[in-house]
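**Student:** Structure in structure tokens, see below.
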Amino acid sequence: MHKPLYSDPADHIESTDPVRVSRYRGITRLNHWVTALSLIVLALSGLAFFSPHLYFLTGLFGSGQIARWLHPIIGVVLFFSFLLLFLQMWRLNLPKPEDTTWVSRIGDVATGHEERLPEMGKYNAGQKFIFWAMSVLIVVLIVSGIMMWQQYFAGLVSIPVRRVATLVHALAAVAIILVFILHVFAAFWVRGTLRAMTRGDVTGGWAWRHHRKWLREVAGRSSKGPAE
Amino acid sequence: MSDTAPQPTTAAANPPVQPLESNLLPSDVVRISATPDVPQPTRQLTKVAKLIDVSKCIGCKACQSACVEWNDTHPEIGENIGSYENPHDLTPDMFTLMRFSEWENPATNELEWLIRKDGCMHCEDPGCLKACPAPGAIVQYSNGIVDFIHDNCIGCGYCVTGCPFDIPRISKVDHKSYKCTLCSDRVAVGQGPACAKACPTKAITFGTKDDMTALANERVEDLKSRGYENAGIYDPEGVGGTHVFYVLHHADKPSIYSNLAENPRISPIVEGWKGVTKTAGMAAMGVAAAGAVLMGLFTRNKVEPEEEEAAERLVQDREGI
Ligand code: HEM
Ligand code: SF4
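Keeping their order, the protein sequence lines are chains A and P.
Note that the first sequence covers residues 1 to 228 in full-length UniProt numbering.
Note that the second sequence covers residues 1 to 321 in full-length UniProt numbering.
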């Protein structure tokens with residue numbers, strides 16, 4: 001059986017009156033929240049070293065020593081946790097022709113004029129950007145982070161290389177925090193989105209408004225129950 | 001009543017016997033890691049320096065022994081790997097190390113055995129302090145001594161990244177960074193460093209930076225008169241000068257002395273990381289967070305009831321209900 005183009009095989013219509021569409025399985029949601037929590041812990045502990053004005057954040061972890069010890073360990077957790085998410089989501093995040101139109105009408109996106117945008121699959125171009133930015137930045141962060149990791153990898157790279165790694169790590173950290181802010185903002189701003197990651201489903205109206213192509217595909221096969 | 005210790009001007013003097021108050025106080029600190037706007041001290045201590053005259057060193061390692069003894073460190077028993085260097089690198093328990101190198105002088109075709117005492121240079125512009133993220137873990141006193149305050153050290157290794165001389169070492173036991181203190185605890189009570197006191201040939205001398213510079217100039221003259229045309233002082237400008245400095249017989253080629261840095265300075269990468277990256281990064285994150293909060297408060301993207309109905313029709317059509 002061929003793979004659906006705009007939806008995950010597990011996505012399905014949960015109820016028809018009112019319409020509820022299942023978007024994420026429980027295991028995927030758990031995976032997402034482990035990743036999110038790791039990222040928050042990493043941002044808070046990392047920022048403590050980033051600026052003297054934020055050093056007080058080490059208090060959240062007990063002491064500077066503990067924050068220093070914990071940060072890279074959570075980094076490894078983040079990497080593997082995100083890897084699992086990546087494997088589940090990469091295919092539906094591949095670029096599609098309608099993404100170009102979406103980006104060129106970014107003004108309508110920001111003002112909420114969704115009727116002027118093309119119909120979208122499970123992810124729009126903004127969500128795809130966040131996905132790929134996170135993917136690239138997490139790889140950059142783990143590679144540079146391991147080069148900086150004194151406790152276990154002190155002799156791994158020469159000091160000049162470590163300097164570059166540290167600069168790259170700091171820049172990538174700022175970038176991923178910006179992407180994270182955008183991600184959290186979008187999840188709140190677009191009302192009805194959060195429940196996709198809490199309860200796992202969204203309303204039919206939400207799917208119609210934001211991801212109509214996805215809704216059409218899921219509805220089209222749903223009489224047969226979850227596909228395949 | 002005890003008196004305040006004098007500022008030491010030599011390591012040769014014997015210690016006074018009466019108890020003395022420390023003369024190196026928290027209020028004498030001019031720079032503190034991860035601390036902007038340090039209140040400047042009201043007094044300026046005399047700048048001190050340790051001069052290492054490489055041409056006089058016989059490689060006996062009395063200085064290493066004195067260092068271990070005074071600092072009460074316990075380096076592991078070494079192994080012979082065919083070099084006089086022992087241990088084979090600086091360690092968290094060995095703050096100074098005699099580095100030996102054999103160099104064939106192309107001018108004379110003679111083999112020269114170069115011995116350099118390696119350790120913290122006590123830079124006027126210390127890269128370790130600049131890189132350190134932990135407030136108060138590294139301080140610089142007005143007499144030039146750069147000291148690690150271990151209670152505040154978190155063991156991140158940024159000092160290693162920042163130091164142009166590859167000096168600090170992180171302990172695998174307590175995960176804190178260690179290096180030569182220039183015997184700040186001895187200097188505080190009017191004593192010179194233990195290594196300078198132990199050196200049998202006066203290859204290591206200690207005193208005010210001015211006195212030591214004068215002595216170094218004398219030594220350079222003497223070496224020149226003996227045919228070492230390129231003799232000179234190694235007190236690198238790139239780090240603002242150092243409070244441990246060398247007399248070298250081949251000052252034109254520092255790197256022959258076991259890779260002594262040719263033009264040490266804080267790496268521009270470290271400067272960029274601790275400078276513009278921090279300012280621009282904080283600004284970008286602040287603006288993004290504030291913008292997100294404002295836009296989130298004043299606007300939203302909401303699903304209309306008609307859209308719920310449209311979805312219902314779509315789903316029912318498709319399902320054929
Ligand atoms: C993915 C694996 C990661 C690893 C292995 C890692 C490792 C490290 C290490 C070793 C340090 C030096 C401090 C310490 O030893 O604890 C550090 C600093 C830092 N990390 Fe990470 N990290 C990772 C991910 C992240 C992420 C996702 C963020 C941001 C959300 C982040 C933000 C920072 C920041 C801001 C610093 C301070 C940089 C500076 O001082 O300029 N790290 N990281
Ligand atoms: S030599 Fe290295 S450890 Fe010593 S003061 Fe200079 S930067 Fe700091």
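All C-beta atoms, glycine included, are put in the ideal place defined by N, C-alpha and C.
Would you check if there are 3 or more beta carbon pairs closer than 8 Å linking the stretch 20-32 of chain A to the stretch 198-216 of chain A?
**Tutor:** With a cut-off of 8 Å, the stretch 198-216 of chain A and the stretch 20-32 of chain A count as touching, because enough Cβ pairs lie within range.
**Student:** Are at least three pairs of beta-carbons, each pair with one atom in the stretch 204-211 of chain A and one in the stretch 292-310 of chain P, less than 8 Å apart?
**Tutor:** As far as the Cβ criterion goes, the stretch 204-211 of chain A touches the stretch 292-310 of chain P, which means the pair count is three or higher.
**Student:** Kindly indicate if chain D contains any beta-carbon less than 7 Å away from that of G136 of chain P.
**Tutor:** No chain D is part of this structure, whose protein chains are labelled A and P.
**Student:** Quick check on W33 of chain A: does DSSP put it in helix, strand or coil?
**Tutor:** It is helical.
**Student:** Between P236 of chain P and the rest of its own chain, which residues show a CB-CB distance below 6 Å, the 5 nearest in sequence each way excluded?
**Tutor:** Counting only Cβ-Cβ distances below 6 Å, and skipping sequence neighbours, we find P264.
**Student:** Interface residues of chain P around I146 of chain A at Cβ under 9 Å?
**Tutor:** Chain P residues near I146 of chain A: none, gap ~13 Å exceeds 9 Å.
**Student:** Going by C-alpha to C-alpha distance, which of A:A36, A:S144 and A:H169 sits closest to V157 of chain A?
**Tutor:** Minimum Cα distance to V157 of chain A is reached at A:S144.
**Student:** Select from the stretch 285-297 of chain P all residues with a C-beta closer than 8 Å to any C-beta belonging to chain A, and list them in chain order.
**Tutor:** Listed by position, the residues of the stretch 285-297 of chain P near chain A (Cβ gap below 8 Å) are M285, A288, A289, A292, M295 and G296.
**Student:** Quick one: what's N105 of chain P bridged to in DSSP?
**Tutor:** Answer is P:E110, bridged to N105 of chain P.
**Student:** Alpha carbons only, please: which of A:T111, A:G112, A:P118 and A:F180 is nearest the one belonging to W132 of chain A?
**Tutor:** It is A:F180 whose Cα lies nearest to the Cα of W132 of chain A.
**Student:** Could you check whether the Cβ of G127 of chain P sits closer than 6 Å to any heavy atom belonging to ligand 1?
**Tutor:** Because no heavy atom of ligand 1 lies under 6 Å away, the Cβ of G127 of chain P does not count as near it: no.
**Student:** Under 6 Å Cβ to Cβ from Q151 of chain A, same chain only, skipping five residues before and after it: list those, please.
**Tutor:** Result list for Q151 of chain A: empty, nothing under 6 Å.
**Student:** Distance cutoff 7 Å, beta carbons only. Does A170 of chain A sit that close to anything in chain P?
**Tutor:** For A170 of chain A, the answer is yes, since a Cβ of chain P falls inside 7 Å of its Cβ.
**Student:** In whole angstroms, give me the CA-to-CA distance for L137 of chain A and A175 of chain A.
**Tutor:** Computed Cα separation, rounded: 8 Å.
**Student:** Counting pairs of beta carbons, one from the stretch 48-58 of chain A and one from the stretch 10-30 of chain P, are three or more of them closer than 8 Å?
**Tutor:** Short answer: they don't touch.
**Student:** Going by the CB atoms, is the gap between P254 of chain P and Y234 of chain P shorter than 7 Å?
**Tutor:** Yes, the pair counts as a contact, with Cβ atoms nearer than the cut-off.
**Student:** Give the residues of chain A in contact with C183 of chain P, contact being defined as C-beta atoms less than 7 Å apart.
**Tutor:** Correct list: empty, because the minimum Cβ distance to chain A is about 26 Å.
**Student:** Which chain A residues sit within Cβ distance under 9 Å of E124 of chain P?
**Tutor:** What E124 of chain P touches in chain A: nothing, since even the nearest Cβ is about 21 Å away.
**Student:** Alpha carbon to alpha carbon, how far is T277 of chain P from P135 of chain P?
**Tutor:** When rounded, the distance between both Cα atoms is 19 Å.
**Student:** Using DSSP's beta-bridge definition, name the partner residues of S22 of chain A.
**Tutor:** Looking at the DSSP assignment, S22 of chain A forms a beta bridge with A:H12 and A:D201.
**Student:** Name the DSSP bridge partner or partners of S142 of chain P?
**Tutor:** In the DSSP output, where bridge partners are listed per residue, S142 of chain P has none listed.
**Student:** Decide yes or no for the touch test of the stretch 86-106 of chain P against the stretch 167-180 of chain P: beta carbon pairs closer than 8 Å, at least 3 of them.
**Tutor:** Verdict: yes, contact present.
**Student:** Flag H71 of chain A as yes when its Cβ comes closer than 6 Å to any non-hydrogen atom of ligand 1, and as no otherwise.
**Tutor:** Answer for H71 of chain A: yes, Cβ within range of ligand 1.
**Student:** Check whether the stretch 25-38 of chain P and the stretch 138-154 of chain P are in contact - that is, three or more C-beta pairs closer than 8 Å.
**Tutor:** Segments in contact, yes.
**Student:** Hey, would you say the C-beta of F245 of chain P is under 6 Å away from at least one heavy atom of ligand 2?
**Tutor:** Because no heavy atom of ligand 2 lies under 6 Å away, the Cβ of F245 of chain P does not count as near it: no.
**Student:** Which residues in the same chain have their Cβ closer than 6 Å to the Cβ of A165 of chain A, if we skip the five residues on either side of it in sequence?
**Tutor:** Counting only Cβ-Cβ distances below 6 Å, and skipping sequence neighbours, we find S144, M147 and M148.
**Student:** What does I159 of chain A reach in chain P if we use C-beta pairs closer than 7 Å?
**Tutor:** By Cβ distance, chain P contributes V160, T161 and D166.
**Student:** Does the Cβ of I269 of chain P lie closer than 6 Å to at least one heavy atom of ligand 2?
**Tutor:** Answer for I269 of chain P: no, Cβ out of range of ligand 2.
**Student:** Taking C-beta to C-beta, are K176 of chain P and F95 of chain P nearer than 7 Å?
**Tutor:** Cβ atoms of K176 of chain P and F95 of chain P: not closer than 7 Å.
**Student:** DSSP on G59 of chain P, reduced to helix/strand/coil?
**Tutor:** Note: G59 of chain P maps to coil in three-state DSSP.
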